[in-house]
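Each residue of the sequence shown is one higher than the one before, counting from 1 in the UniProt record's numbering.
Glycine residues also receive a C-beta, built at the ideal position from the N, C-alpha and C atoms.
Quick caveat, the model's predicted, so the values are computed rather than measured.
Here's the structure, in structure tokens; my notes come after.
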Amino acid sequence: MKRIAVQGIVGSFHEDAAQRYFAEDIEVVECKSFTSVCKLVDTDQVDYAVLAIENSIAGSLLKNYQLIRDYHLRIIGEIYLHIQMNLMAVPGVKPEDITDIYSHPVALQQCVEYLEEYFPKAELHEGMDTASSARFISEERPTNAAAIGNLRSAELYQLNILDKGIETNKKNYTRFLILAKHGNHSKDANKASLCFEVGHFYGALAGVLNVFTEKEINLAKIQSVPVVGRPNEYTIHVDVEWENMENYEKAIHQVLKSVSSLAILGEYKRGDISVHDQ
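So, in structure tokens, the structure goes:
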């Protein structure tokens, strides 16, 4: 059975992403931090890790880019998860009974319009994550409180769903990367994550990006990450997609001539954003 490290506890969005990606019996290893997740992979205590890298509302998790590089991990896949928030409570609790609501601070913020309209007087309690809030409600069984989280945590902790899809933005997705200590070449790879550095001179970055255009490689994302200890210097992270592997390989060969450093963090199959809607 594969051992998968995730940030958070069983029922979290990370654990949900792991279950959906591997689609088989797995052993989930709970971690309190993203750093702990990467350490477990690096020290061979787990087979893989699931790591959030960006959210369509909150943006990129810059620290996680740094962790992937620091621990020399390989990206072997990705999955997009639709982030749907739900109001849940122990059986018997009704909406009119609720005076306290628990969840992760970001989750509470994402549901602020709903909370202001339906629970303007409720006291909001910020916790570590949505799954922990659901577990707290399940264990303490308050008759005046609810949690906000995903459907999986409600199922695992046997809570009733009082209202579904209470988030303000209904098209909220989080992209999770699947990490391993060593990469495995995939025959159906059509996406890659790269990072590189270029000199500080006119057109240096544009010259690199134009190579992908010339080779018909789609630039799916570009993200600059500050280099620690080197003010005004950045590592450029890009995600590229292709239809023809030969074009991609030619592009990489040409890019190598224009950068001061280049690392291929992973070559993998592109995730489908529509497959894992709840």
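| request: Counting only the same chain and skipping the five closest in sequence on each side, list residues whose C-beta sits under 7 Å from that of residue 61. | output: Against the sequence shown, residue 61 aligns to sequence position 61. So the list reads 52, 53 and 54, once near-sequence residues are dropped.
| field | the stretch 166 to 179 touching the stretch 56 to 72, judged by at least three CB pairs closer than 8 Å | value | Segments in contact, yes.
| Under 7 Å, do residue 40 and residue 17 count as touching if we go by C-beta distance? | The residue given as residue 40 occupies position 40 in the sequence shown. The residue given as residue 17 occupies position 17 in the sequence shown. With respect to the 7 Å criterion, residue 40 and residue 17 are not classified as neighbours on the basis of their beta carbons.
| field | Three-state secondary structure assigned by DSSP to residue 2 | value | Position 2 of the sequence shown, counted from the start, is the residue given in the question as residue 2. It is a strand residue.
| query | Within this structure, are the beta carbons of residue 191 and residue 233 separated by less than 7 Å? | reply | The sequence position of residue 191 within the sequence shown is 191, counting from 1. The sequence position of residue 233 within the sequence shown is 233, counting from 1. No, they are not a contact pair.
| query | Just reading off the beta strand (DSSP E) that residue 173 is part of, what are its end residues? | reply | Here the question's residue 173 lines up with position 173 in the sequence shown. In the DSSP assignment, residue 173 falls within the unbroken beta strand (DSSP E) covering 173 to 180.
| task | Please state if the CB of residue 194 and the CB of residue 238 are separated by a distance shorter than 7 Å. | result | Here residue 238 refers to the residue found at position 238 of the sequence shown. Here residue 194 refers to the residue found at position 194 of the sequence shown. Taking 7 Å as the cut-off, the beta carbon of residue 238 is found closer than this to the beta carbon of residue 194.
| Hey, residue 100 and residue 122 are a contact pair by Cβ (cut 8 Å); roughly how many whole angstroms apart? | Locating residue 100 in the sequence shown gives position 100, counting from the first residue. Locating residue 122 in the sequence shown gives position 122, counting from the first residue. Yes, they are in contact, since the Cβ atoms of residue 100 and residue 122 sit about 6 Å apart, within 8 Å.
| task | Report yes if the CB atom of residue 126 is closer than 7 Å to the CB atom of residue 105, and no otherwise. | result | For the purposes of this step, residue 126 is identified with residue 126 of the sequence shown, where counting begins at 1. For the purposes of this step, residue 105 is identified with residue 105 of the sequence shown, where counting begins at 1. Yes, they are a contact pair.
| Classification of residue 245 by the beta-carbon crowding that lies within 10 angstroms, buried from 16 upward | The residue labelled residue 245 in the question sits at position 245 within the sequence shown. By the 16-neighbour rule on beta-carbons within 10 angstroms, residue 245 is exposed.
| request: Pull up the DSSP beta-bridge partners for residue 7, would you. | output: Your numbering for residue 7 matches position 7 in the sequence shown. In the DSSP output, where bridge partners are listed per residue, residue 7 has 31.
| For residue 111, which three-state DSSP category applies? | Mapped onto the sequence shown, residue 111 falls at position 111. In the displayed model, residue 111 falls within coil according to three-state DSSP, outside both helix and strand.
| message | In the DSSP assignment, the alpha helix (DSSP H) including residue 70 goes from what residue to what residue? | response | Numbered from its first residue, the sequence shown carries residue 70 at position 70. Its alpha helix (DSSP H) spans residues 62 to 70.
| request: List the residues that DSSP assigns as beta-bridge partners of residue 221. | output: The sequence position of residue 221 within the sequence shown is 221, counting from 1. Per DSSP, 239.
| field | Three-state secondary structure (DSSP) of residue 264 | value | Within the sequence shown, numbered from 1, the residue matching residue 264 stands at position 264. When DSSP states are grouped into helix, strand and coil, residue 264 belongs to the strand group.
| task | Would you identify the three-state DSSP class for residue 83, choosing helix, strand or coil? | result | Sequence index remark: in the sequence shown, residue 83 carries index 83 (1-based). Secondary structure of residue 83 (DSSP, three-state): coil.
| field | Residue burial classification, residue 201 (beta-carbon count within 10 angstroms, cutoff 16) | value | The residue labelled residue 201 in the question sits at position 201 within the sequence shown. Its Cβ having fewer than 16 others within 10 Å, residue 201 is exposed.
| query | So what does residue 160 bridge to, in DSSP terms? | reply | Within the sequence shown, numbered from 1, the residue matching residue 160 stands at position 160. Partner(s): 89.
| query | Do you know offhand how far residue 89's Cα is from residue 256's? | reply | Looking up residue 89 in the sequence shown gives position 89. Looking up residue 256 in the sequence shown gives position 256. When rounded, the distance between both Cα atoms is 55 Å.
| request: Report yes if the C-beta distance between residue 80 and residue 273 is below 7 Å; otherwise report no. | output: As a first step, residue 80 must be located in the sequence shown, where it is residue number 80. As a first step, residue 273 must be located in the sequence shown, where it is residue number 273. A contact, by the Cβ cut-off of 7 Å.
| message | Suppose the cutoff is 6 Å on Cβ atoms and the five residues either side in sequence are ignored; what does the same chain contact list for residue 12 look like? | response | For this step, residue 12 is matched to residue 12 along the sequence shown. 129 and 131.
| query | By a C-beta neighbour count over all protein chains shown, 10 Å radius and 16 as the cutoff for buried, is residue 63 buried or exposed? | reply | Within the sequence shown, numbered from 1, the residue matching residue 63 stands at position 63. That one is exposed.
| request: Note the first and the last residue of the continuous alpha helix (DSSP H) segment covering residue 137. | output: For the purposes of this step, residue 137 is taken as residue 137 along the sequence shown, with counting starting at 1. Note, residue 137: alpha helix (DSSP H), 130 to 140.
| query | In whole angstroms, what is the alpha-carbon distance linking residue 113 and residue 168? | reply | Looking up residue 113 in the sequence shown gives position 113. Looking up residue 168 in the sequence shown gives position 168. Cα to Cα, the separation comes out at about 6 Å.
| query | Which residues does DSSP pair with residue 196 in a beta bridge? | reply | Position 196 of the sequence shown, counted from the start, is the residue given in the question as residue 196. Looking at the DSSP assignment, residue 196 forms a beta bridge with 236 and 262.
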